[in-house]
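First the structure, in the form of structure tokens, and then the observations on it.
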Amino acid sequence: MGALLIPSASILTNHDMLFIAIGMLGATVMPHNLYLHSALVQTRRYARTAVGKREAIPICQHRLGAGADDCAVRDAAILIVAAAVFHRSGHYEVAAIEDAF
Numbered sequence: 210m211g212a213l214l215i216p217s218a219s220i221l222t223n224h225d226m227l228f229i230a231i232g233m234l235g236a237t238v239m240p241h242n243l244y245l246h247s248a249l250v251q252t253r254r255y256a257r258t259a260v261g262k263r264e265a266i267p268i269c270q271h272r273l274g275a276g277a278d279d280c281a282v283r284d285a286a287i288l289i290v291a292a293a294v295f296h297r298s299g300h301y302e303v304a305a306i307e308d309a310f
């Protein structure tokens with residue numbers, strides 16, 4: 210299954226494929242993760258000094274990275290299940306959200 214998640218090399222030369230991949234990544238993974246974790250950072254208790262900030266930043270970076278990994282796994286699972294459902298039902302032409310209805 211891991212090989213299914215590795216894009217083909219043609220994604221680097223086919224701009225349409227690349228733009229779709231970047232759009233899916235940006236639309237599903239990043240916005241809610243960054244918004245949620247920036248709020249967590251702002252409410253975190255730490256000394257409002259240079260030393261306190263230096264201690265808090267690695268913790269926040271770790272939480273942000275863990276959150277991004279978690280979101281990426283969930284979003285990949287959603288996309289894989291959706292693609293499998295369309296493929297299994299014989300709807301091979303579904304390539305955009307407008308076609309999915």
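Start counting the sequence shown at 210; every next residue gets the next number (the working numbering).
Note that the Cβ used here is the ideal one computed from N, Cα and C, for glycine as well.
Note that the structure is a prediction, hence the values are computed from the model and not measured.
Using CA coordinates, which residue listed in the options is at the minimum distance from residue i?
| i | options | result |
| --- | --- | --- |
| Ala-292 | Ile-231, Ala-277, Arg-272, Asp-308 | Asp-308 |
| Ala-305 | Met-226, Ala-218, Ser-217 | Met-226 |
Tell me the rounded alpha-carbon separation between residue i and residue j.
| i | j | result |
| --- | --- | --- |
| Pro-267 | His-300 | 46 Å |
| Gly-235 | Ile-287 | 15 Å |
| His-271 | Asp-278 | 11 Å |
| Ala-224 | Val-303 | It should be noted that the sequence gives His, not Ala, for residue 224. Their Cα atoms are separated by approximately 19 Å. |
| Val-290 | Ala-259 | 46 Å |
Are the beta-carbon atoms of residue i and residue j separated by less than 8 Å?
| i | j | result |
| --- | --- | --- |
| Ala-230 | Ile-220 | yes |
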